[in-house]
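The structure appears below as structure tokens.
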Amino acid sequence: MHYGADYNPEQWPEEVWPEDVARMREAGVTMVSLGIFSWSRLQPREGEFDFAWLDRVIDLLHDGGIAVDLATATASPPPWATAAYPEMLPQDEDGATYWPGSRQQFAPSSPVYRRLAGELVTAIAERYADHPGVVMWHVNNEYGCHLNADYSDAARDAFRRWLADRYPDIQALNDAWGTNFWSQRYQSFDEVFPPRKAPYSRNPGQELDFRRFTSDMLLECYLMERDILLAAGATQPITTNFMGAFKPANYAEWAEHMDVISDDAYPDPNDPESFRAAAFQRDLVRSVKPEVPWILMEQSTNALNWRPTNAPKAPGQMAALSAQAIGRGADGILFFQWRQSRAGAEKFHSAMLPHAGTDTRTWREVIALGADLAGLPELPSGEAGARDARVALVFDWENWWAVEASDHPQNALDYLAVIQRWYRALHRRHVQVDVVPASRVGDGYDVAIAPLLYLVREADAAALTSFVEAGGHLLAGPFTDVVDEFDRFRDGGFATQLGPLCGIRIEDFGALVPVDAPAGTPGERQAPFRGERGEVGATAETIAGTGTLLAEEVRLVAEDARVEASFTDGRRAGDPALTVRAVGAGSARYLATIPDEAGVQAVVDRLLATTGVEPVVAGLPAHVEAARRGRLLTVINHGGPAVTIEIDGVDAVSGNRMAEVRLEAYDWAMVLSD
Amino acid sequence: MHYGADYNPEQWPEEVWPEDVARMREAGVTMVSLGIFSWSRLQPREGEFDFAWLDRVIDLLHDGGIAVDLATATASPPPWATAAYPEMLPQDEDGATYWPGSRQQFAPSSPVYRRLAGELVTAIAERYADHPGVVMWHVNNEYGCHLNADYSDAARDAFRRWLADRYPDIQALNDAWGTNFWSQRYQSFDEVFPPRKAPYSRNPGQELDFRRFTSDMLLECYLMERDILLAAGATQPITTNFMGAFKPANYAEWAEHMDVISDDAYPDPNDPESFRAAAFQRDLVRSVKPEVPWILMEQSTNALNWRPTNAPKAPGQMAALSAQAIGRGADGILFFQWRQSRAGAEKFHSAMLPHAGTDTRTWREVIALGADLAGLPELPSGEAGARDARVALVFDWENWWAVEASDHPQNALDYLAVIQRWYRALHRRHVQVDVVPASRVGDGYDVAIAPLLYLVREADAAALTSFVEAGGHLLAGPFTDVVDEFDRFRDGGFATQLGPLCGIRIEDFGALVPVDAPAGTPGERQAPFRGERGEVGATAETIAGTGTLLAEEVRLVAEDARVEASFTDGRRAGDPALTVRAVGAGSARYLATIPDEAGVQAVVDRLLATTGVEPVVAGLPAHVEAARRGRLLTVINHGGPAVTIEIDGVDAVSGNRMAEVRLEAYDWAMVLSD
Amino acid sequence: MHYGADYNPEQWPEEVWPEDVARMREAGVTMVSLGIFSWSRLQPREGEFDFAWLDRVIDLLHDGGIAVDLATATASPPPWATAAYPEMLPQDEDGATYWPGSRQQFAPSSPVYRRLAGELVTAIAERYADHPGVVMWHVNNEYGCHLNADYSDAARDAFRRWLADRYPDIQALNDAWGTNFWSQRYQSFDEVFPPRKAPYSRNPGQELDFRRFTSDMLLECYLMERDILLAAGATQPITTNFMGAFKPANYAEWAEHMDVISDDAYPDPNDPESFRAAAFQRDLVRSVKPEVPWILMEQSTNALNWRPTNAPKAPGQMAALSAQAIGRGADGILFFQWRQSRAGAEKFHSAMLPHAGTDTRTWREVIALGADLAGLPELPSGEAGARDARVALVFDWENWWAVEASDHPQNALDYLAVIQRWYRALHRRHVQVDVVPASRVGDGYDVAIAPLLYLVREADAAALTSFVEAGGHLLAGPFTDVVDEFDRFRDGGFATQLGPLCGIRIEDFGALVPVDAPAGTPGERQAPFRGERGEVGATAETIAGTGTLLAEEVRLVAEDARVEASFTDGRRAGDPALTVRAVGAGSARYLATIPDEAGVQAVVDRLLATTGVEPVVAGLPAHVEAARRGRLLTVINHGGPAVTIEIDGVDAVSGNRMAEVRLEAYDWAMVLSD
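Structure, rendered in structure tokens:
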């Protein structure tokens with residue numbers, strides 16, 4: 120179990136460094152991420168490197184027993200680089216340049232940036248690959264965090280190259296993008312531009328491919344650095360820090376190339392429900408590559424600097440969220456950063472060692488957590504997480520991109536918000552969930568929920584169909600199975616892939632005005648629905664909720680399809696809201712709307728009741744979380760009334776036998792079962 | 120009566136085309152608009168044309184009895200054009216370029232664009248001018264729709280040329296624009312720029328001329344294409360599709376150059392009052408050139424794609440809005456588009472033939488309407504519309520531009536919204552209205568309403584004065600008669616042209632805070648007014664309403680001017696809100712504020728009562744529309760409770776004699792009187 | 120006492136000029152500001168000047184007894200200049216150019232602009248320095264008004280020069296800006312850019328220096344023109360018109376270079392409390408240089424043109440606000456402008472002579488005020504204002520800049536709004552206040568309030584400490600004493616400079632969600648606080664209010680520090696909200712939050728009660744203002760119910776003896792005590 124932080128010694132006089140190491144030891148720190156923003160110190164000018172100070176820092180840490188996760192330092196090019204090579208600066212879709220003075224001012228596809236970054240990484244790798252203090256490699260930092268896309272001429276050239284690699288010829292691109300629409304037919308890849316500012320709606324195929332390209336360009340940067348490290352003989356695990364459900368980077372694809380998954384997470388203490396979003400993020404990053412460990416690479420000890428209002432964490436909240444990460448698979452708890460900066464844009468960001476000193480709540484909590492973590496035994500890891508969950512929640516980056524494109528019946532869809540609403544309903548019932556793409560629903564799950572699977576590849580359709588035919592229970596829709604991988608309708612209408620499985624067809628999407636539209640906006644906003652006890656499975660509960668955003672016109676087309684709930688008011692009153700079709704031992708449901716929180720909970724409850732999925736711990740209130748990690752059970756009170764929970768096992772921190780645990784607000788416990 | 124749609128066969132394999140023609144015949148289609156976005160298919164590269172496929176489509180349609188409205192295909196230049204000639208791309212006022220990837224990416228004043236468009240139109244015209252299947256020419260498409268203005272260097276050069284044509288010399292421009300203000304005096308036309316991004320308020324004369332220039336540049340494109348068609352021997356009518364009250368293009372001026380007026384209209388099904396805005400649009404496009412027919416060139420069968428929420432139309436609503444267009448003069452009902460696209464930005468836009476197929480409500484409604492239209496006899500047309508209306512509502516594009524310029528006493532004026540509020544009050548009373556410029560009030564009307572005539576040309580003032588002196592009844596104001604055609608005050612104060620006619624003068628405009636300003640915004644928001652039975656005319660109704668936005672300080676200066684309603688509260692309490700002066704058999708009223716909906720209705724009711732204007736049909740509720748087109752009477756229930764109306768005549772669709780008609784929601788009837 | 124306006128005769132035919140002079144005499148005008156926007160008339164092209172018309176205007180005015188405040192005419196370069204030298208145009212942070220067509224389209228640091236402006240000023244100065252009609256110089260106009268910052272290449276070059284002047288070498292800059300953070304370390308000044316658009320948060324030291332640079336560039340323009348005037352032998356006072364609390368220009372520094380302070384003020388008549396903001400502005404401009412007179416250089420007679428809603432002033436309000444200015448030290452009342460324009464962006468701006476003519480309320484009020492002012496005797500001036508106030512309200516431009524930078528615990532702080540809330544509480548109690556930087560609290564004040572002194576220079580800390588030790592009463596905080604002059608934390612935590620004086624330390628800033636955040640935004644918004652009768656001083660009143668935005672975690676560290684009020688709810692319930700420490704005869708209070716209006720009033724009332732500060736006049740309601748200017752007492756009813764006030768003295772306008780005065784709404788009186 121790693122414990123530590125980003126460490127930026129270059130911001131302090133060298134005489135502070137030994138004090139840092141001493142304080143780290145006091146806090147129980149075991150590893151620090153070093154040098155993430157050191158480029159301008161490591162390479163004062165092109166062709167000239169200065170590693171002496173870094174040698175001293177690494178040796179000092181190593182001598183102090185602190186392991187180093189060494190950064191490649193390429194996240195923020197130095198001023199000399201952009202002054203000499205302005206063509207490496209990125210541009211927004213209006214053509215405005217992003218200038219230096221902040222960080223991440225590089226076009227990921229820029230050949231100059233890649234050359235300079237490569238030269239730096241080569242020098243670092245050759246110097247430190249064999250250093251015994253270096254135990255991990257931290258490539259770059261939060262790829263794409265601020266520059267969600269680059270539209271510069273470097274991006275233009277790279278996009279043309281990427282397209283030429285992807286499509287056999289320009290006619291294949293024309294076909295994929297449907298360029299006969301609006302006279303967009305290309306004669307050559309050299310006529311294509313990134314989707315820069317345009318007079319009106321842009322081509323959806325172009326937009327989707329540009330999203331793919333953007334994710335790929337960032338990944339190319341990673342792979343380039345990784346290959347340099349390997350070529351220099353590095354044998355340590357290599358990673359770059361993810362940011363959970365981060366739209367621009369398709370981590371589900373990236374994960375393949377990571378030795379360790381690392382993740383940065385900053386739940387907002389102002390939001391009493393942010394712990395559930397945090398749980399979703401933990402489950403997502405664990406699910407992208409369950410066979411390797413994951414590390415919480417960055418969180419904060421207390422307040423941030425970058426939100427409009429940066430409230431402090433409640434007493435105990437930092438430890439509770441750390442326990443959550445561990446309970447959901449993390450093998451390390453690290454912070455940004457070790458010592459609070461005294462200058463620069465992040466000086467108000469809290470740190471392990473606060474600017475206000477050691478006579479502070481923050482410091483006391485830091486050393487207490489360090490002590491607790493030091494008491495933990497080896498925890499279950501790797502495949503364990505995947506095996507714990509019987510429910511798969513389908514999450515797919517390309518759907519995120521495609522659903523939130525423009526010119527849809529409903530243009531207020533927030534993909535992540537919809538997925539998280541379903542996650543919350545499961546989390547409130549203390550059900551263990553994996554967050555996976557559709558292609559993985561066959562990996563041993565009993566239930567699969569695909570709340571919004573607009574884009575369905577043929578392989579996805581096959582995987583979902585096989586899943587149901589093998590006895591799985593699928594819930595899909597709405598706005599699902601609308602387009603192919605190029606964002607084109609398939610011949611034969613909508614729901615061509617999953618409609619037969621569900622026994623339904625779709626005539627219209629029935630957009631509703633968002634419930635939070637300004638007062639006075641005309642139009643229907645709500646589609647209430649209701650269903651009595653279901654015919655599939657056994658539960659006495661009715662299903663009732665309010666549909667929003669979409670109220671699709673769904674028709675049953677299979678004899679054995681049944682209506683489980685119907686719309687009760689508005690345009691679609693009397694029509695199906697939720698349908699179900701039994702398929703052998705499995706079942707396929709289709710939901711024609713996006714229910715409100717209560718509606719999603721009702722549908723989830725029906726699904727759990729009819730499929731027999733059990734909670735991790737039964738009978739807990741919603742503010743108490745329970746997570747299973749193999750034989751480790753973690754329970755956390757996220758700030759509500761105290762609870763007493765009967766658990767039989769061994770306290771993982773103290774090693775004491777226990778039969779029950781009482782959790783005051785922000786208390787947590789980890790219990791190993793026998 | 121044309122029935123049909125835009126047809127984009129290039130989006131489909133050639134084997135689909137015969138099926139299209141067969142389905143068109145099934146639906147009663149008589150004409151399609153062809154090739155609007157075909158440039159990249161018709162001209163794959165500069166100097167090379169491919170008309171073979173278009174030959175086949177036109178022949179197939181012609182053989183199937185479907186007439187062709189052939190497009191000039193210049194609305195969206197192909198990628199090769201902008202790749203080769205980036206100088207033809209338009210720019211916004213910040214200098215950002217509009218790139219390809221959407222449509223309409225051309226600077227209307229660009230010499231290169233005009234040359235390329237001209238070459239294409241020449242080729243099309245020479246090939247098809249004599250084709251018997253081609254019955255109309257569709258020039259470009261929705262000129263200016265997305266690019267409301269272009270500020271590129273091409274526009275800069277053209278603006279200088281346009282100004283040099285308009286003004287005898289640079290000193291005349293200096294005088295018109297008042298350039299001694301803020302040191303803006305020019306020595307040469309070559310010093311003038313479009314009103315690009317500037318540090319602060321821009322010159323209003325420059326802004327107004329740039330609006331005129333922008334409209335003229337688009338019109339120049341049209342005229343260039345028209346002249347090529349004529350030069351090639353084309354004899355069919357030529358048109359370009361308008362978009363109703365579209366601010367950038369002064370259709371009142373453009374109409375002179377159209378053989379047929381065609382219009383695109385997309386009322387929002389979410390808005391239960393959008394049928395009234397649609398009625399306004401029908402009356403406007405009929406009024407811009409009453410002596411020629413007009414065609415509804417584009418509407419939708421069902422949901423759109425480009426609004427935030429694209430709700431479906433209610434059952435029957437599409438036909439009801441089609442009937443409205445015919446009742447208000449249309450001689451054709453066409454849709455965008457024939458077959459729903461399967462790719463591209465508009466694939467969710469409904470069509471005559473839906474992607475969900477023919478077992479759909481949309482398709483059933485399409486064929487039912489086609490059958491009804493096929494049953495209609497020849498309908499009254501041309502001058503008929505103009506003769507039906509006794510009320511002229513004054514609408515003027517240059518006033519729209521000038522009123523919504525900045526630095527006014529009240530900067531929240533929405534010109535179109537104000538005009539439409541007056542239209543709605545007349546529509547609710549089932550009064551037939553023409554929507555005309557001030558210069559045309561003498562064309563046989565009894566009542567003229569000029570709700571907001573800020574800019575008054577000398578000829579306008581003369582026309583309005585003659586109108587009243589000839590017995591007409593004028594209602595004008597507020598913020599009326601403030602400036603001349605260059606947006607300059609005239610010597611002698613305000614209301615110098617119409618003040619004497621109305622017997623008033625204006626001391627102050629009395630801006631009020633908009634009623635929808637954020638809560639807590641300080642300042643007066645409302646100016647309630649009230650008047651008892653008027654002295655001119657005879658009605659027992661009081662006038663009462665709430666003034667908004669402006670509460671002008673009006674003084675009576677003529678002995679025979681009288682106050683018809685006074686402000687009852689606020690800054691102007693006790694002062695005149697509505698004045699009237701009898702002028703022979705006519706009268707001139709001045710209104711000192713912008714009443715709310717009820718206030719406008721009260722003023723309109725007083726005006727109708729004192730002038731004896733009758734409704735088309737008496738006693739109808741507000742959700743039922745009645746329109747007269749010569750001897751054709753159209754009544755429509757726009758979605759409210761059923762009504763039974765006594766009408767004596769012949770049902771225009773069935774030919775049956777009738778004495779009354781019952782209209783359920785969205786039912787409509789057309790009745791020919793004897 | 121000057122009375123007059125901006126005069127722009129070039130907008131009118133020469134035959135109007137004599138009428139202007141006659142009307143000026145009728146109105147009592149004594150001085151006009153001439154030629155502010157005359158550049159394009161004075162210099163029709165480079166190298167060619169035309170002064171003949173200006174000669175005639177000045178002579179005409181001089182012959183009519185109207186003095187001239189002659190402008191240098193450099194505020195708006197003529198079109199020929201920017202056409203010839205586009206490199207003088209400024210750019211925004213995205214690189215978009217500000218084009219001509221408005222005014223102020225020059226980069227202040229542009230060498231070309233400075234050369235051209237210098238040539239013009241030289242010509243004007245040489246021609247008119249000796250003219251007996253010219254009594255003052257009006258340099259440029261409202262420097263920086265529209266272009267709050269320039270990011271052009273001219274600015275880039277000048278910024279590098281300015282930095283090289285400020286810092287001994289690039290390493291000093293690196294140290295000041297903390298550039299080891301995010302790899303921002305510079306090797307040369309030539310690598311530095313203005314803080315243009317960047318991917319993320321910019322360096323706060325760079326931002327703060329760029330603010331300083333921007334203010335300095337504008338001041339350099341002023342100084343260049345001033346030096347030319349002096350070199351030409353001008354002996355008249357030289358000024359440029361300020362705009363009160365104008366963020367981009369540090370007037371507290373500029374004032375040193377002004378012979379006269381002149382100020383433009385436009386309180387919004389829609390806001391019934393705007394008279395208090397106006398009073399603040401008067402006190403601020405008087406305080407920046409109390410030893411010289413100040414002039415109200417611009418106000419409006421009635422409505423403006425540049426607000427969203429430009430309401431008219433109430434009858435009498437213009438005179439009441441003029442009296443306020445005089446009561447708070449003004450020695451001149453001038454307007455923008457003399458004669459209302461008939462064209463251009465400001466034609467709806469009211470003037471002394473309205474476009475509606477002389478039979479208007481505006482004109483009548485103008486001549487009435489002129490007559491009243493003509494009756495006034497010589498009034499106390501110069502140092503008098505400073506000596507009248509016992510309370511110093513600390514206002515500091517660099518704090519304004521630094522507080523509103525990004526990445527703070529609370530990013531919704533509005534520096535000016537906070538300062539003005541404290542000012543209002545004092546104004547409602549009719550207490551005379553000076554608005555000064557921290558360095559001047561020792562200039563004879565008894566009480567100093569520093570509501571938000573985030574950035575504390577060492578000299579400021581010393582001045583505040585000396586002030587308290589000498590018996591002064593200080594109230595400071597919150598978010599005070601956080602950084603040094605480079606926006607860096609000091610070693611040793613927060614409140615390192617004033618914490619010992621107040622006897623406290625700060626552990627956390629405790630950001631609260633703004634009370635006006637959208638509904639549904641989670642998080643604590645309010646921190647109510649309460650304190651009983653204080654231990655220092657004597658008052659029976661409790662202190663109660665609601666804290667907003669910040670609820671700091673404050674700990675007492677001195678034995679003699681006491682809690683005067685505590686938080687009563689929320690995160691900090693029970694912790695100190697207001698602390699006080701007696702220091703000899705003085706005291707130091709620290710306030711841990713930003714109270715709402717009532718809370719600030721309660722704290723101010725406690726402060727006044729415990730320090731014995733008396734109102735100018737006792738017992739007045741809040742809508743009546745009382746101001747002291749030496750032996751002149753001014754009382755004004757700002758639009759509320761009538762009051763009768765007992766004052767013994769001589770009416771300054773009429774010279775009559777008086778014992779009491781009755782003030783109806785907008786009445787005012789000036790009374791000279793014996």
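Residue numbers (the working numbering), protein chains in the order written: chain U, 120 to 793; chain F, 120 to 793; chain Z, 120 to 793. Cβ atoms here follow ideal geometry from the backbone N, Cα and C, with glycine treated the same way.
Interface residues of chain U facing residue i [CB-CB closer than 8 Å]
{"i": "residue 216(F)", "result": "214, 315 and 316"}
{"i": "residue 302(Z)", "result": "156, 157, 158, 159, 160, 192, 194, 195, 196, 197 and 222"}
Beta-carbon neighbours of residue i, restricted to chain Z and to distances below 7 Å
{"i": "residue 266(U)", "result": "318"}
CA-to-CA distance, residue j to residue i, given in whole angstroms
{"i": "residue 221(U)", "j": "residue 301(Z)", "result": "7 Å"}
{"i": "residue 480(Z)", "j": "residue 434(Z)", "result": "8 Å"}
Cβ pair residue i, residue j closer than 9 Å
{"i": "residue 432(U)", "j": "residue 444(U)", "result": "no"}
{"i": "residue 257(F)", "j": "residue 358(F)", "result": "yes"}
{"i": "residue 634(Z)", "j": "residue 642(Z)", "result": "no"}
{"i": "residue 401(U)", "j": "residue 384(U)", "result": "yes"}
{"i": "residue 526(U)", "j": "residue 574(U)", "result": "no"}
Supposed close pair residue i, residue j - CB separation, criterion 8 Å
{"i": "residue 270(Z)", "j": "residue 223(Z)", "result": "The pair is not a contact, with the Cβ atoms about 15 Å apart (cut-off 8 Å)."}
{"i": "residue 323(U)", "j": "residue 464(F)", "result": "6 Å"}
Interface partners of residue i on chain Z, CB under 9 Å
{"i": "residue 563(F)", "result": "Result: empty, since nearest Cβ-Cβ is about 37 Å, beyond 9 Å."}
Practice task
Using a Cβ-Cβ cut-off of less than 7 Å, list which residues of the region 158-170 of chain U approach chain Z; keep chain order.
Solution key: Listed in sequence order: 158, 159, 160, 163 and 164.
Practice task
Check each residue of the region 510-528 of chain F: if its Cβ is closer than 8 Å to any Cβ of chain Z, include it; give the result in chain order.
Solution key: Residues of the region 510-528 of chain F whose Cβ lies closer than 8 Å to any Cβ of chain Z, in chain order: 525, 526, 527 and 528.
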